[in-house]
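Per my numbering, the sequence shown starts with residue 7, numbered consecutively. Heads up, the beta-carbon is just placed ideally off N, CA and C, and yes, glycines get one too. All remarks here apply to the structure that follows.
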Amino acid sequence: MLEKSRAIMVVAPGPALRWAMEELKRSFGYRLQYAADPYEAGLRLENTSVDAVVCEAAPAYTAECRLLREICQRSVRVPVFLFVEPESEEYMLEELGHGTFHVVRPATPIQAFHEMLQETIRQHQREKAA
């Protein structure tokens with residue numbers, strides 16, 4: 007289990023991401039907060055404390071993708087994890103390249119994703135404390 011229950015904001019999840027996040031919740035005790043879209047997530051991040059943000063890649067050159075870019079750029083205080091299919095990674099890196107985010111493949115095992123979340127959150131908290 008976790009040293010403390012981590013709060014994760016999940017943005018506009020499709021069925022696969024929702025399943026993965028619910029599995030993380032069940033297996034490792036995460037607290038999940040769902041946002042319907044990147045706009046709602048941006049508003050909620052202003053007033054809510056979470057340990058990480060998890061979302062799926064948005065289609066290139068859309069308002070949704072621009073909002074994700076804003077979240078990545080503004081969220082220096084919280085790690086952002088993007089679920090990206092391999093064929094979409096290049097455009098996501100181009101679109102969101104100026105923000106900080108971590109790419110997660112949908113096929114990543116739950117245990118590996120949990121370990122990635124934990125290590126990134128710990129590292130981020132150490133950097134904030136320094």
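For the pair E70 and A18, the CB atoms are nearer than the 9 Å cut-off. Counting C-beta atoms within 10 angstroms of its own C-beta, A58 has 16 or more neighbours from the protein chains shown and is therefore classed as buried. Here G20 has E62 as same chain residues with Cβ atoms under 7 Å from its own Cβ, once five neighbours each way along the sequence are excluded.
For R12, no alpha helix (DSSP H) segment is defined, and its DSSP state is neither H nor E. Rounded to whole angstroms, the separation of the alpha carbons of L74 and I14 is 16 Å. For T114, same chain residues with a beta-carbon under 8 Å away, outside a window of 5 residues either side, are M122 in chain order. Assigned with DSSP and collapsed to three states, Y40 falls in strand.
Per DSSP, reduced to three states, the secondary structure at E28 is helical.
Note: H130 is not bridge-paired with any residue in the DSSP secondary-structure output.
Between the alpha carbons of S11 and R37 lies a distance of about 6 Å.
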